[in-house]
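Take the sequence shown: its letter number 63 is residue 63 in the UniProt record's numbering, and every next letter is one higher. No residue lacks a Cβ here, since even glycine has one placed at the ideal position from N, Cα and C. Note that the structure is a prediction, hence the values are computed from the model and not measured.
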Amino acid sequence: MSSNMFEVTGESVLTLYGSHLTGAPTSALMVVSETPLGAPARAALEKSAASLEFGSAPLAVVVAETEEGKLGAEDARTIVEGLDPVALVATDAFAAELLSAAYRTPVTLDAPNRLLGRTAVIFEYFEGLLTSDNGKQCAWALLKKLR
Numbered sequence: 001m002s003s004n005m006f007e008v009t010g011e012s013v014l015t016l017y018g019s020h021l022t023g024a025p026t027s028a029l030m031v032v033s034e035t036p037l038g039a040p041a042r043a044a045l046e047k048s049a050a051s052l053e054f055g056s057a058p059l060a061v062v063v064a065e066t067e068e069g070k071l072g073a074e075d076a077r078t079i080v081e082g083l084d085p086v087a088l089v090a091t092d093a094f095a096a097e098l099l100s101a102a103y104r105t106p107v108t109l110d111a112p113n114r115l116l117g118r119t120a121v122i123f124e125y126f127e128g129l130l131t132s133d134n135g136k137q138c139a140w141a142l143l144k145k146l147r
């Protein structure tokens with residue numbers, strides 16, 4: 001594999017990192033999470049993506065820690081650049097730190113960010129927000145910044 005991130009193809013990403021990816025790798029919206037998302041969180045993100053006109057196909061979900069190991073910063077950057085989504089969502093502090101290291105820039109938790117020209121919404125703990133009506137409203141307000 002070349003160290004030039006612009007030479008990475010979607011096909012090579014799927015070959016190298018397929019165990020860390022679920023959903024539709026061609027989705028315009030990519031979600032990065034330390035561990036697999038629960039069904040309510042995944043459904044909320046898919047519903048939000050459809051409402052925000054990112055499409056109704058399953059999201060591209062990158063799970064940083066699987067039985068095969070843990071992704072590093074370069075791995076994360078290779079996946080994002082190889083699959084080239086329009087926007088990103090980090091669902092937890094670990095995913096936020098991973099993207100921050102991957103793009104060598106600080107990110108702000110529970111806020112919209114920019115990562116190499118992409119809008120990225122970075123949550124400290126997305127699933128925790130879904131446990132209350134107020135939290136759900138805060139999450140939706142932040143997700144709307146992806147447009």
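Item: C-alpha distance - Tyr103 paired with Asn113, whole-angstrom precision; Value: 12 angstroms
Item: Cβ neighbours of Ser19 in the same chain (closer than 7 angstroms, five flanking residues each side left out); Value: Thr66, Glu68
Item: Option in Thr105, Val62, Leu14, Ala50 with minimal Cα separation from Leu146; Value: Ala50
Item: Euclidean distance between Cα positions of Ala141 and Asn134; Value: 11 angstroms
Item: Inter-residue Cα distance where the pair is Val32 and Gly128; Value: 16 angstroms
Item: Ser51: first and last residue of the uninterrupted alpha helix (DSSP H) it sits in; Value: 39–51
Item: Where Gly82 falls, given that 16 or more other Cβ within 10 Å makes a residue buried; Value: buried
Item: For Ala93, the first and last residue of its enclosing alpha helix (DSSP H); Value: 93–102
Item: Under the three-state DSSP convention, the category Val13 falls into; Value: helix
Item: Same chain, Cβ closer than 7 angstroms to Lys70, neighbours up to 5 away in sequence not counted; Value: Ala64
Item: Simplified DSSP assignment, three categories, for Arg118; Value: strand
Item: Per DSSP, the bridge partner or partners of Pro112; Value: Val121
Item: In DSSP terms, what Glu65 is bridged to; Value: Lys70
Item: Proximal residues to Pro58 (C-beta, below 6 angstroms), its chain only, five neighbours per side dropped; Value: Gly23, Ala24
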